[in-house]
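Worksheet: one structure, shown below.
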Amino acid sequence: MNNRLCLITLFIMLCSISFAQKAPVPYGVLPTKYQLDWQNLETYMFIHFGPNTFTDKEWGHGDEDPKVFNPTKLDARQWVRIAKAAGMKGIIITAKHHDGFCLYPSKYSSHTVRESAWKNGKGDVSVQVFHVPAT
40 MNNRLCLITL
50 FIMLCSISFA
60 QKAPVPYGVL
70 PTKYQLDWQN
80 LETYMFIHFG
90 PNTFTDKEWG
100 HGDEDPKVFN
110 PTKLDARQWV
120 RIAKAAGMKG
130 IIITAKHHDG
140 FCLYPSKYSS
150 HTVRESAWKN
160 GKGDVSVQVF
170 HVPAT
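Adding 39 to a residue's 1-based position in the sequence shown gives its number in the numbering used here.
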């Protein structure tokens, strides 16, 4: 009787497998390769660095004196090291802020590092970040 029960159970299992429904075909909009690649980038570091760093204000209005921007120990390599250690896939830096301050010297604005004390107005934070050698 025990063998008979095992055979019946095996027969039922085999029948259920042969009559199983196929998985439905995906429907609707599927992500493109580009979108999947974007998702695989995962987490980026976002750097928002400007006059507010030196004025202790939450929100700048564009009336800050550019001379307050004077990082004495700016180390973009430190930012990159931290991003890598945290598993970040890249860095985004706000090169021009909502208040108009540009982290690069611009001839179209007087609210830039060109008017700052940093590197005698010759500095460019965006170059500092993007020219960090890959390790």
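Note that CB positions come from ideal geometry on N, CA and C, so glycine has one too.
Does K135 come out as helix, strand or coil in the three-state DSSP assignment?
strand
Taking just the CA atoms, how far does G89 sit from A134?
9 Å
With 16 other Cβ atoms within 10 Å as the buried cut-off, status of T94:
exposed
Whole angstroms is fine: what's the gap from T111's alpha carbon to Y73's?
41 Å
Span of the beta strand (DSSP E) holding F85?
Y83 to I86
Whether G99 touches N91 by CB criterion (8 Å)
yes
C-alpha gap between G129 and I47, whole angstroms
60 Å
Based on DSSP bridge pairs, tell me the residues matched to T151.
C141
Tell me which residues share the same chain as I131 and place their Cβ nearer than 6 Å to its Cβ, disregarding the 5 neighbours each side in the sequence.
Y83 and F85
Would you check if the distance between the CB atom of V164 and the CB atom of L142 is smaller than 8 Å?
yes
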